[in-house]
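With the first letter of the sequence shown counted as 1, position 72 gets the number 185 in my numbering; the numbers rise by one all the way through.
Every residue, glycine too, gets a C-beta built ideally from N, C-alpha and C.
Working notes, structure below.
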Amino acid sequence: MHTAKIDLTLTPTGRHLAFSKEMLEVAHVFRRVGGEAGPWQRVAVNARSPYHDQDAFAPGTQLEYYVQHESQQGEQEARSHIVGTTVQ
Numbered sequence: 114m115h116t117a118k119i120d121l122t123l124t125p126t127g128r129h130l131a132f133s134k135e136m137l138e139v140a141h142v143f144r145r146v147g148g149e150a151g152p153w154q155r156v157a158v159n160a161r162s163p164y165h166d167q168d169a170f171a172p173g174t175q176l177e178y179y180v181q182h183e184s185q186q187g188e189q190e191a192r193s194h195i196v197g198t199t200v201q
């Protein structure tokens, strides 16, 4: 399994996640709230890049994301590194 590319950019309306995706790959976006103590939750199924997370969080909330790539048959092919930010 290879590492997929992911970039996180803050925007006035939320967090913009840009990631690589092959034409036939399925990409799921996962988010963790509150750092390592929080569970990972899938927030987008078969997402397109860019994905824009507009959910509101209190200032100081730590957010982390990664993208999981799968084949059309559901086999894991790649996973991005974790990117994160703290809500201002």
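So residue 180 packs on residue 142, CB below 8 Å; how close in whole Å?
The Cβ separation is near 6 Å, so the contact holds.
Assuming residue 165 is part of the beta strand (DSSP E), what are its boundary residues?
Segment 164 to 166, the beta strand (DSSP E) holding residue 165.
If you scan the segment 145 to 195 from start to end, which runs of the beta strand (DSSP E) of 3 or more residues do you find wholly inside it?
You should have 153 to 157, 164 to 166, 175 to 183, 189 to 193.
Taking the continuous beta strand (DSSP E) assigned at residue 233, which residues delimit it?
Shown here, the chain extends from 114 to 201; a query on residue 233 therefore has no answer.
Once DSSP output is grouped into helix, strand and coil, what is the label at residue 200?
Reduced to three states, the DSSP call for residue 200 is coil.
Where do the ends of the beta strand (DSSP E) carrying residue 130 lie?
Boundaries of the beta strand (DSSP E) around residue 130: 127 to 132.
Below 8 Å on the Cβ atoms is my guess for residue 126 versus residue 167; work out the distance and round it to an integer in Å.
Confirmed, about 6 Å.
Where does residue 195 land, buried or exposed, given buried means 16+ other C-beta within 10 angstroms?
By the beta-carbon neighbour count (other beta carbons within 10 angstroms, threshold 16), residue 195 is exposed.
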